[in-house]
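Below is one structure, written out as structure tokens, with a few remarks after it.
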Amino acid sequence: FALLAAVQKASVVAFVPPKATKIVLPSAAITTSRSFEPNAVVNPRGSTALSGLLTPLADAPISTEGLTFGWIVICAAMTPYVIQLVAPQPLGFFLANYYGGQDIAELKQDGYTNEQIEHLVESGRVAEVKWKVRFAALCLAVTTIAFFEVNDGVDAVRVLRDSYIAWGIFYVEATRLIREQALEEPSILKIESRFGIQLWHVLVTILLWASISETYTGNAVRTFVTDIFTF
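Going by the numbering used here, the sequence shown opens with residue 76, and the numbers climb by one from there.
As structure tokens, then:
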């Protein structure tokens, strides 16, 4: 039993960086199996603030691997936006790049009519507003979930995982929005931004929900990606 406890303790240290997440997980509730079966914290304290259709998902088991993997995915997804603080041009592969007033001359050279150019420029402005609205809704959702759950004495483990669910819903909607914009005729997304941003958002959505859903499929995806980037 002493050897088993030591192995379990080492597993927690390996998967949960204390300074990064500040989550203290009960070692007795975590297994060290490399199978695709969920390795879960059985009883995080408190009940989720999410209800309705999300209740079964929010009440599902929570694993340290899933929490760490989800945090890494969110960091990777948001890094291109942070880079824009210092980068002169948008990273077209990762971010939506729309036509604006600075592109009018180029659009005329490409043969677009004045009506089409006006539509593209105005639609690009509206699309930027749509992103601001969605990010604001995400911030409000994450803050509201944390507020009510913390007030109810919910364990930090569940508060963190429920915030991932909000991120997962956001990226499903973001992927849908980008696909809709790419299919418009003419598309309001610049040519160099159409394929890459769709591929990137689909990938982030899949990986994020793999971190949330404690299922065989989710664990298989997490294990596959982790093995690729483990040297």
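Ideal Cβ placement from N, Cα and C applies to all residues, glycine included.
Asked: Helix, strand or coil at residue 137 [DSSP, three-state]; Found: strand
Asked: Cβ contact (3+ pairs, closer than 8 Å) linking the stretch 233 to 253 and the stretch 189 to 200; Found: no
Asked: Backbone CA spacing between residue 276 and residue 206 [nearest angstrom]; Found: 14 Å
Asked: Collapsed DSSP secondary structure at residue 264 in the structure displayed; Found: strand
Asked: Local conformation of residue 174 per DSSP, three classes; Found: coil
Asked: Buried versus exposed, by CB contacts within 10 Å (16 or more), residue 265; Found: buried
Asked: Limits of the unbroken alpha helix (DSSP H) element including residue 238; Found: 231 to 258
Asked: Inter-residue spacing [alpha-carbon to alpha-carbon] between residue 278 and residue 181; Found: 32 Å
Asked: Length of the line joining the Cα atoms of residue 156 and residue 140; Found: 25 Å
Asked: Contact check, residue 209 vs residue 274, beta carbons under 9 Å; Found: no
Asked: Simplified DSSP state of residue 211, which is helix, strand or coil; Found: helix
Asked: Endpoints, the alpha helix (DSSP H) within which residue 180 is located; Found: 179 to 184
Asked: Outcome for residue 230 when other beta-carbon atoms lying within 10 angstroms are tallied against a minimum of 16; Found: buried
Asked: Contact under 9 Å by Cβ, residue 145 with residue 287; Found: yes
Asked: Straight-line gap, residue 195 to residue 263 (C-alpha atoms, nearest Å); Found: 5 Å
Asked: Residues near residue 169 by beta carbon distance below 6 Å, same chain, minus five either side; Found: 155 and 275
Asked: Between the CA atoms of residue 220 and residue 292 - distance to the nearest angstrom; Found: 27 Å
Asked: Reduced DSSP category for residue 285 - H, G, I as helix; E, B as strand; rest coil; Found: helix
Asked: Alpha-carbon spacing of residue 185 relative to residue 254, whole angstroms; Found: 23 Å
Asked: Cβ neighbours of residue 239 in the same chain (closer than 6 Å, five flanking residues each side left out); Found: 145 and 287
Asked: C-alpha gap between residue 138 and residue 271, whole angstroms; Found: 31 Å
Asked: Residues near residue 187 by beta carbon distance below 6 Å, same chain, minus five either side; Found: none
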